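*Asks:* Just passing along the structure, written as structure tokens.
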Amino acid sequence: MILPLVYYDDKRLRTKCESITTITDELQTLARDMIETTRANKGLGLAAPQIGKLIRLFVLDFTECDDEGYPIVGDPLVFINPVITNPSKEVVTDFEGCLSIPGLREEVTRPKTITVTALDLDGNEFSIEASDYFARAIMHENDHLNGVLYIDRVPPYVRKAIKKDLQAIKRKYHS
Ligand code: ZN
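Note that the numbering used here numbers the sequence shown so that position 84 is 87, with each residue one more than the last.
Dropping the structure here:
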């Protein structure tokens, strides 16, 4: 089922989400619906608050990038209660967009590599060392679970430049 999205600057996108204590059938269905919703919107990933659920869950629809560093979509991965560690000192700057902030793309600087530990849909813990765009997407989605958006991470002059665009998005989706 394709789920309705929550748009900037809905309060639910600004809330610290709760840890998941039990992996129920409903949660499994929700995760699958989130993957379907990501694909339907031509996104790369989706975090639970973006569909109005304030729980620590996100999905990505890629695990690999091509030679030019662009995601190869169609390989979904579910992260429950993710924890990010070991951010590299080396950083990379690249464009990001967000399904909750339609039409906008801006450059964000983030660590080049991280380690993420999470539970899968069977409740098994897994750890991944991720780099480049895969790491970037994990950090972007993980930020959502803490009420943080990528536009919070752009330099002040960019934030100023996109102010009007953000207001237009607010008007369009919350009228
Ligand atoms: Zn996002």
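Every residue gets a Cβ at the ideal spot worked out from N, C-alpha and C, and that includes glycine.
Computed from a predicted model, the values in this text were never measured in an experiment.
Of the choices Thr25, Ala43 and Tyr11, whose alpha-carbon is the least far from that of Met4?
*Replies:* Measuring from the Cα of Met4, the nearest candidate turns out to be Ala43.
*Asks:* Taking the alpha-carbon positions, what's the Thr120 to Glu132 distance?
*Replies:* The alpha-carbon atoms of Thr120 and Glu132 are separated by roughly 9 Å.
*Asks:* Examine the ligand ZN and report whether any of its heavy atoms sits within less than 8 Å of the Cβ of Ile38.
*Replies:* no
*Asks:* Which of helix, strand or coil does DSSP assign to Val62?
*Replies:* strand
*Asks:* Going by the beta-carbon positions, is the gap between Asp97 and Tyr136 smaller than 9 Å?
*Replies:* yes
*Asks:* Can Ile172 and Gly77 be called in contact, C-beta distance under 9 Å?
*Replies:* no
*Asks:* Does the beta carbon of Leu169 fall short of 8 Å from some heavy atom of the ligand ZN?
*Replies:* no
*Asks:* In chain order, which continuous runs of the alpha helix (DSSP H) of length 4 or greater are located wholly inside the segment 89-175?
*Replies:* 135-147 and 159-164
*Asks:* When the Cα atoms are used, what is the spatial distance from Val9 to Ile54?
*Replies:* 6 Å
*Asks:* To the nearest angstrom, how far is it from the Cα of Pro79 to the Cα of Thr66?
*Replies:* Cα-Cα distance, rounded: 7 Å.
*Asks:* Compare the beta carbon distance of Phe61 and Leu122 with 9 Å and say whether it is the shorter of the two.
*Replies:* no
*Asks:* Using beta-carbon positions only, say whether Leu148 and Pro7 come within less than 9 Å of one another.
*Replies:* No, the pair does not count as a contact, with Cβ atoms beyond the cut-off.
*Asks:* In the DSSP assignment, what are the bridge partners of Gly48?
*Replies:* Leu63
*Asks:* Is it the case that the Cβ atoms of Tyr176 and Tyr11 are separated by a distance below 9 Å?
*Replies:* In contact: Tyr176 and Tyr11 (Cβ atoms closer than 9 Å).
*Asks:* Short of 7 Å in beta carbon distance, which residues of its chain neighbour Leu49, apart from the five on each side in sequence? Order them along the chain.
*Replies:* Met37, Thr40, Thr41, Phe61, Val62 and Leu102
*Asks:* What would DSSP say about Leu30, mapped onto helix, strand or coil?
*Replies:* Leu30: helix per DSSP, three-state reduction.
*Asks:* Can you list, in chain order, the residues of its chain with a C-beta nearer than 8 Å to that of Val86? Leave out the 5 residues immediately preceding and following it.
*Replies:* Val119, Thr120 and Ala121
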